[in-house]
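Asks: Here you go, one structure.
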Ligand code: ADP
Ligand code: MG
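Residue numbers (the numbering used here): -9 to 136.
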């Protein structure tokens, strides 16, 4: 087992629906620890840069527009296999699939459409590193000393 860090975003739909606590609780119950956290309202430029890998896809513009509709919570999660664990807890990208395949996942419980699907999670060690650095300076991440 490898202790990893990964970036999680609670998206504007889930923040707006008051599911911050439910989502944080799902991570904590699974043993992941929050080592950094802040709320912010992304600018269009930030959202475009964060999702640059999807530029050119048909859902890129709607995704950027959605991500700036309200504040988000950005968090660094730490734990054994945190990157895959976070993805497992999140569920499939499309909540319709998540409801079928992973009924206890965050997207099954708190998302209704593929456009507004409650959470983001890094998908590899490389993206985790880049995405954490996108939002947090080293000094803003708090090692768990207890
Ligand atoms: P994930 O968030 O599960 O890693 P992707 O990286 O493939 O999924 O896509 C990023 C985000 O773009 C998704 O979470 C979702 O909000 C949106 N998205 C992806 N695919 C579609 C699609 N086919 N239609 C609408 N939105 C999509
Ligand atoms: Mg992705």
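We treat Cβ as the ideally placed atom computed from N, Cα and C, and that holds for glycine.
The structure presented is a predicted model; accordingly, all values stated were derived computationally and were not measured.
1. Relative to the ligand MG, is the shortest distance from any of its heavy atoms to the C-beta of residue 12 smaller than 7 Å?
2. Could you check if residue 32 belongs to the surroundings of the ligand ADP, using beta carbon to heavy atom distance under 7 Å?
3. Assign residue 110 to one of three DSSP states: helix, strand, or coil.
4. Should residue 25 be labelled buried (16 or more other beta-carbon atoms within 10 Å of its own) or exposed?
5. Can you find a heavy atom of the ligand ADP that lies under 7 Å from the Cβ of residue 104?
6. Under 7 Å: does the beta carbon of residue 113 sit that close to some heavy atom of the ligand MG?
7. Under 8 Å Cβ to Cβ from residue -7, same chain only, skipping five residues before and after it: list those, please.
8. Decide if residue 138 is buried, meaning its Cβ has at least 16 other Cβ atoms within 10 Å, or exposed.
9. Identify the residues that DSSP records as bridge partners of residue 0: which are they?
10. Under the criterion of a Cβ to heavy atom distance below 7 Å, does residue 53 qualify as lining the ligand ADP?
11. Buried or exposed: residue 107, going by 16 or more other Cβ atoms within 10 Å of its Cβ?
12. Work out the CA separation of residue 46 and residue 9 for me, nearest whole Å.
Replies: With the given structure in hand:
1. As a first step, residue 12 must be located in the chain shown, where it is residue number 22. In this structure, residue 12 has its CB at a distance of at least 7 Å from all heavy atoms of the ligand MG.
2. Along the chain shown, read from residue 1 onward, the residue named residue 32 stands at position 42. Taking 7 Å as the cut-off, one finds no heavy atom of the ligand ADP near enough to the beta carbon of residue 32.
3. Counting from 1 along the chain shown, the entry for residue 110 is found at position 120. DSSP, reduced to helix, strand and coil, places residue 110 within a strand of the structure shown.
4. For the purposes of this step, residue 25 is taken as residue 35 along the chain shown, with counting starting at 1. Under this definition residue 25 is a buried residue.
5. One-based indexing of the chain shown puts residue 104 at position 114. For the ligand ADP, at least one heavy atom lies less than 7 Å from the Cβ of residue 104.
6. The count along the chain shown starts at 1 and reaches residue 113 at position 123. Indeed, a heavy atom of the ligand MG lies less than 7 Å from the Cβ.
7. As a working note, residue -7 is residue 3 in the chain shown. For residue -7, same chain residues with a beta-carbon under 8 Å away, outside a window of 5 residues either side, are 68, 69, 70 and 72 in chain order.
8. The structure shown does not extend to residue 138, since the chain is modelled only from -9 to 136, so the question has no answer here.
9. For this step, residue 0 is matched to residue 10 along the chain shown. Under DSSP, the beta-bridge partners assigned to residue 0 are 63 and 109.
10. Here residue 53 refers to the residue found at position 63 when the chain shown is read from its first residue. It does: the Cβ of residue 53 is within 7 Å (strictly closer) of some heavy atom of the ligand ADP.
11. In the chain shown, counting from the first residue as 1, residue 107 sits at position 117. When all chains shown are included, residue 107 counts as buried.
12. For the purposes of this step, residue 9 is taken as the residue at position 19 of the chain shown. For the purposes of this step, residue 46 is taken as the residue at position 56 of the chain shown. Those two C-alpha atoms are separated by around 31 Å.
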